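Just so you know, we're using our numbering here: the sequence shown kicks off at 4 and counts up by one.
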Amino acid sequence: MNEEKNPRKQYAVYIVICLVLLMVFNAIVMPKLTQAAIRDADYSFFLDSLDEGNVKKVQIEDSEITFTVEEEGKEQAYSTVRIDDPDLVTRLHESGDVEFTGKLRERSPLRDFLLGWIIPIVCMFMLWNLLFKGLGKRMGGLGNAMSFGKSNAKIYVKAQTGKTFADVAGQDEAKEALAEIVDFLHNPDKYAEIGADLPKGALLVGPPGTGKTLLAQAVAGEAEVPFFSISGSEFVEMFVGMGAAKVRDLFSQATQKAPCIVFIDEIDTIGKKRDGQVGGNDEREQTLNQLLTEMDGFDGKKGVVILAATNRPESLDPALLRPGRFDRRIPVELPDLAGREAVLKVHAKKVKLAEKIDFNAIARATAGASGAELANIVNEAALRAVRSGRSAVNQSDLEESVEVVIAGYQRKNAVISQKEKEMIAYHEVGHALVAAMQKDSAPVHKITIIPRTSGALGYTMQVDEDEKFLMSKEEALCKIATLTGGRSAEELIFNTCTTGASNDIEKATKLARAMVTRYGMSSKFDMMALETVNNQYLGGDSSLICSPETAAKIDEEVGSIVRNAHTKAVQILTENIGKLHEIARFLLEKETITGEEFMAILRREPQLTA
Ligand code: ADP
Ligand code: ZN
């Protein structure tokens, strides 16, 4: 994005350049010019010349005597160090027609004026300007407090974003909702004629990386109007009043450029609920108030549409959401299977593809990934293709980059002892086998024991055939059992347990807890809500809403769910211990095996060698 050139800034630059030139001139050229004429001389030379009657003019200064001597019909200036000579004046008097003064060297009145007045004043002015501007920028409103008038709000304006709805994959509902705004910007008169007020603002709500910014840019691109973009955090300043001034500035600029789109990212930073705390955040509240006033104040028919994005809609001030302000709320959710495939395809257009790529397979393996992550996957794949010296991206690049995004890069040179490798292999096959032996689990897609930079020493990837929107109680229980499968295998084969299961334990407990507190899947509490989710789009941490006694009972219930799942996993593995050995040995040899290879071993007759 390009920052608008500030004419005042340019002006200041000119002044600085002029001043520097002037100083250089003063410091280097001027002394040369004047000094070229003056030669150094001894005091004795001065006295001799005086005696000889050659001296014409003398200027006596505190530490220097400058005098002119007539030489070959020309006057030559000399300067000498002044020696404490009480007879000097008498001597000068006696030598006849010597003019002597306290000052001789002719001073240019212009230069004196410049040095004495103009330069100091300009310097002071610049210093003052610099100080207050710099401070104002760094610490907020001091400049403004000194009534500098306008804020120095940094506003990004882009004439054309160059993005269209075609660049946004999926998100059809959001696009539909925004299409009306595009139409309005194209043709405001049509709406004005009928007397319809279009929404002044729309709020794009969704998890990070789902394309909210992209959608706003696409609206501007489709409507072919300028796009102002500012982040909520840019309004937050240390000094009260600065943020509000920025809001005013933003709106006055936007009105001048109407029709246009104003995009405020992370609006929650300024739009948080005003809680009326004593000594609360005055600055933020003032900024918010100013925003509310501006939104009420500007003429909606002019064609300024405000789009804002947030991923914490629940924390927004209700005043922002009332009709006439951000009355449209457009959910921008994580893409579903079709959406993910579409995002992959949009981004794959930018890279060279080698062969027919099965985007559906990649989309299935990336449940829960955001648009930004998918874009990253395609880019990682392209980087991998370059690294391996190929000129186009193939399926394996994409598959590997899915794992890079999920689990980090392969740590090829990690040294892992044979004993540990065995443990990891059995752990992973434990997961896979427990998953495969329960009918409600997703099929195993891949098992690997190549360590990753995320710290994972191996993992089992399960990929559902179709997109799932619901999870049944049976599926949840199966999932917990699968998560405990790794540890169960360690116990069964090595009769010990390792730290390798910590992540499994965390996930299993989290799911079991949610079953009890949020999904009403335990017989003990039935459909009682025991927890609320705080930031549904940001990880979704939750807080208990029950008495401490109930909390203790919840813990008990969660514990028993996990324990039962663990017992079940151990039982499954005990029943299939032959297959566990067989597959683990195969995995140790291959390091990575596919779901098909896994199923083939599982289905074939038990081998006698096992
Ligand atoms: P947000 O503002 O929701 O956090 P962005 O709009 O900044 O997310 O998205 C980041 C990047 O992710 C975009 O620049 C784009 O490359 C990619 N992206 C996200 N969603 C989509 C989508 N639906 N279609 C295409 N690209 C997407
Ligand atoms: Zn595990």
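Note that the Cβ used here is the ideal one computed from N, Cα and C, for glycine as well.
Please read these numbers as outputs of a predicted model, since none were measured by experiment.
Task: Cα-Cα separation between proline 191 and isoleucine 20, rounded to whole angstroms - done: As a first step, residue 191 must be located in the sequence shown, where it is residue number 188. As a first step, residue 20 must be located in the sequence shown, where it is residue number 17. Computed Cα separation, rounded: 47 Å.
Open item on the list: Is any non-hydrogen atom of ligand 2 found closer than 8 Å to the C-beta of tyrosine 2, if you look at the structure I gave you?
Closed with: Because residue 2 is not part of the residues shown, which for the chain are 4 to 613, the question remains open.
Open item on the list: Helix, strand or coil for lysine 593? Go by DSSP, reduced to three states.
Closed with: Reading the sequence shown from its first residue, position 590 is the one you call residue 593. Three-state DSSP puts lysine 593 in a helix.
TODO: Please find out if some non-hydrogen atom of ligand 2 comes closer than 8 Å to the beta-carbon of histidine 448.
DONE: On the sequence shown, position 445 is the one that residue 448 refers to. The answer is no for histidine 448.
- [ ] Take histidine 434 and list the residues in its own chain whose beta-carbon comes closer than 7 Å to its own, dropping the five residues that flank it on each side.
- [x] Counted from its first residue, the sequence shown places residue 434 at position 431. For histidine 434, where only same-chain residues beyond five positions count, the Cβ hits under 7 Å are Thr463, Thr485, Gly488, Gly489.
Task: leucine 25 to valine 407 span [Cα, whole Å] - done: Counting from one through the sequence shown, the residue named residue 25 turns up at place 22. Counting from one through the sequence shown, the residue named residue 407 turns up at place 404. Cα-Cα distance, rounded: 60 Å.
Task: Assigned secondary structure, glutamine 413 (DSSP; H/G/I helix, E/B strand, else coil) - done: Residue mapping note: residue 413 aligns to position 410 of the sequence shown, counting from 1. Glutamine 413: strand per DSSP, three-state reduction.
Task: Endpoints, alpha helix (DSSP H) assigned at arginine 607 - done: Along the sequence shown, one-based indexing puts residue 607 at 604. That residue, arginine 607, is in no alpha helix (DSSP H); it is neither H nor E in DSSP.
TODO: Give me the Cα-Cα distance between threonine 272 and threonine 313, rounded to the nearest whole angstrom.
DONE: The residue you call residue 272 lines up with position 269 of the sequence shown. The residue you call residue 313 lines up with position 310 of the sequence shown. Their Cα atoms are separated by approximately 9 Å.
TODO: Out of Cys549, Ala169, Leu514, state which residue places its alpha-carbon closest to the alpha-carbon of phenylalanine 528.
DONE: As a working mapping, residue 528 is identified with position 525 in the sequence shown. Nearest of Cys549, Ala169, Leu514 to phenylalanine 528, Cα basis: Cys549.
Open item on the list: Between which residues of its own chain and threonine 164 is the CB-CB distance below 6 Å, once the five residues before and five after are set aside?
Closed with: Numbered from 1 along the sequence shown, position 161 holds the residue referred to as residue 164. So the qualifying residues of the chain are Gln220, Ala223, Gly224, Phe230.
- [ ] Tell me, to the nearest whole angstrom, how far the beta carbon of glycine 274 is from that of aspartate 330; I am working on the premise that it is less than 8 Å.
- [x] As a working mapping, residue 274 is identified with position 271 in the sequence shown. As a working mapping, residue 330 is identified with position 327 in the sequence shown. That belief does not hold up - the Cβ atoms of glycine 274 and aspartate 330 are roughly 14 Å apart, past 8 Å.
Task: For aspartate 43, the residue or residues it bridges with in DSSP - done: One-based indexing of the sequence shown puts residue 43 at position 40. Aspartate 43 is bridged to Ser82.
Open item on the list: Less than 9 Å between the beta carbons of alanine 378 and histidine 350, yes or no?
Closed with: Your numbering for residue 378 matches position 375 in the sequence shown. Your numbering for residue 350 matches position 347 in the sequence shown. Going by C-beta atoms, alanine 378 is nearer than 9 Å to histidine 350.
Task: Three-pair Cβ contact test at 8 Å for the segment 419 to 432 versus the segment 550 to 568 - done: no
TODO: Please indicate yes or no: does the CB of glycine 598 lie closer than 8 Å to some heavy atom of ligand 2?
DONE: Here residue 598 refers to the residue found at position 595 when the sequence shown is read from its first residue. Not so, every heavy atom of ligand 2 lies at least 8 Å from the Cβ.
TODO: Pick out whichever of Ile309, Val308, Gly327 has its Cα sitting closest to the Cα of aspartate 299.
DONE: Walking along the sequence shown from the start, residue 299 turns up at place 296. Of the listed residues, the one whose Cα sits closest to aspartate 299 is Gly327.
Open item on the list: Within the continuous alpha helix (DSSP H) that includes valine 250, where are the two ends?
Closed with: Mapped onto the sequence shown, residue 250 falls at position 247. Counting along the chain, the alpha helix (DSSP H) containing valine 250 begins and ends at 245 to 259.
Task: Option in Ser525, Ile419, Leu291 with minimal Cα separation from alanine 323 - done: To locate residue 323, count along the sequence shown from 1; it is residue 320. Reading off the sequence shown, one finds leucine at residue 323, where the question assumed alanine. The shortest C-alpha separation from leucine 323 is found at Leu291.
Open item on the list: Between which residues of its own chain and threonine 104 is the CB-CB distance below 7 Å, once the five residues before and five after are set aside?
Closed with: By one-based count along the sequence shown, residue 104 stands at place 101. Contacts found: Gln62.
TODO: Taking the CB atoms as reference points, tell me whether isoleucine 596 and leucine 436 lie closer together than 9 Å.
DONE: Counting from 1 along the sequence shown, the entry for residue 596 is found at position 593. Counting from 1 along the sequence shown, the entry for residue 436 is found at position 433. Their beta carbons are not under 9 Å apart, which means isoleucine 596 does not touch leucine 436 by this criterion.
Task: Separation of lysine 249 from valine 239, as counted between CA atoms - done: Along the sequence shown, read from residue 1 onward, the residue named residue 239 stands at position 236. Along the sequence shown, read from residue 1 onward, the residue named residue 249 stands at position 246. Approximately 10 Å between the Cα atoms of the pair.
Open item on the list: Using 9 Å as the threshold, is the C-beta distance between glutamine 465 and alanine 438 below it?
Closed with: Within the sequence shown, numbered from 1, the residue matching residue 465 stands at position 462. Within the sequence shown, numbered from 1, the residue matching residue 438 stands at position 435. Yes, the pair counts as a contact, with Cβ atoms nearer than the cut-off.
Task: Whole-Å CB distance - glycine 56 paired with serine 82, under 8 Å assumed - done: Here residue 56 corresponds to residue number 53 of the sequence shown, with the count starting at 1. Here residue 82 corresponds to residue number 79 of the sequence shown, with the count starting at 1. Actually they do not touch by this definition, with Cβ atoms about 20 Å apart.
Open item on the list: Residues around ligand 2, please: the condition is that the C-beta lies closer than 5 Å to some non-hydrogen atom of it.
Closed with: Gly489, Asp507
Task: Exposure label - histidine 569; buried when at least 16 CB within 10 Å - done: As a first step, residue 569 is located in the sequence shown; it is residue number 566 there, counting from the start. By the neighbour-count rule (16 or more Cβ atoms within 10 Å), histidine 569 is buried.
Task: Bridge partner(s) assigned by DSSP for cysteine 263 - done: Here residue 263 corresponds to residue number 260 of the sequence shown, with the count starting at 1. DSSP, once it has assigned bridges, lists Val307 as partnering cysteine 263.
Task: Collapsed DSSP secondary structure at methionine 129 in the structure displayed - done: Position 126 of the sequence shown, counted from the first residue, corresponds to residue 129. If DSSP states are grouped into helix, strand and coil, methionine 129 belongs with the helices.
Task: Top-ranked residue by Cα proximity to serine 52, from Phe28, Ala80, Asn29, Val23 - done: Numbered from its first residue, the sequence shown carries residue 52 at position 49. Checking every option, the nearest Cα to that of serine 52 belongs to Ala80.
TODO: May I ask which residues mark the beginning and end of the beta strand (DSSP E) holding leucine 207?
DONE: Position 204 of the sequence shown, counted from the start, is the residue given in the question as residue 207. Note, leucine 207: beta strand (DSSP E), 204 to 208.
Open item on the list: Below 8 Å on the Cβ atoms is my contact criterion, and I expect glutamate 336 with glycine 523 to pass it. Report the Cβ-Cβ distance as a whole number of Å.
Closed with: Position 333 of the sequence shown, counting from 1, holds the residue named residue 336. Position 520 of the sequence shown, counting from 1, holds the residue named residue 523. At roughly 24 Å, the Cβ-Cβ gap does not stay under 8 Å, so glutamate 336 and glycine 523 are not in contact.
- [ ] Hey, could you find the ends of the beta strand (DSSP E) isoleucine 63 is sitting in?
- [x] For this step, residue 63 is matched to residue 60 along the sequence shown. From DSSP, the beta strand (DSSP E) with isoleucine 63 extends over 58 to 63.
Open item on the list: Taking the beta carbon of leucine 217 as the centre, do at least 16 other beta carbons fall within 10 Å, making it buried, or is it exposed?
Closed with: Taking the first residue of the sequence shown as 1, we reach residue 217 at position 214. By the 10 Å Cβ count, leucine 217 comes out buried.
Open item on the list: Closer than 8 Å to a non-hydrogen atom of ligand 1 - does that hold for the CB of alanine 172?
Closed with: Taking the sequence shown and counting its residues from 1, one reaches residue 172 at position 169. Because some heavy atom of ligand 1 lies under 8 Å away, the Cβ of alanine 172 counts as near it: yes.
TODO: Below 8 Å on the Cβ atoms is my guess for isoleucine 267 versus valine 308; work out the distance and round it to an integer in Å.
DONE: By one-based count along the sequence shown, residue 267 stands at place 264. By one-based count along the sequence shown, residue 308 stands at place 305. That pair is no contact at about 12 Å.
Task: Rounded straight-line distance, which links the Cα of glutamine 289 to that of asparagine 147 - done: Position 144 of the sequence shown, counted from the start, is the residue given in the question as residue 147. Position 286 of the sequence shown, counted from the start, is the residue given in the question as residue 289. Note that asparagine 147 scores a pLDDT of 37, beneath 50, so its modelled location is shaky and nothing firm can be said.
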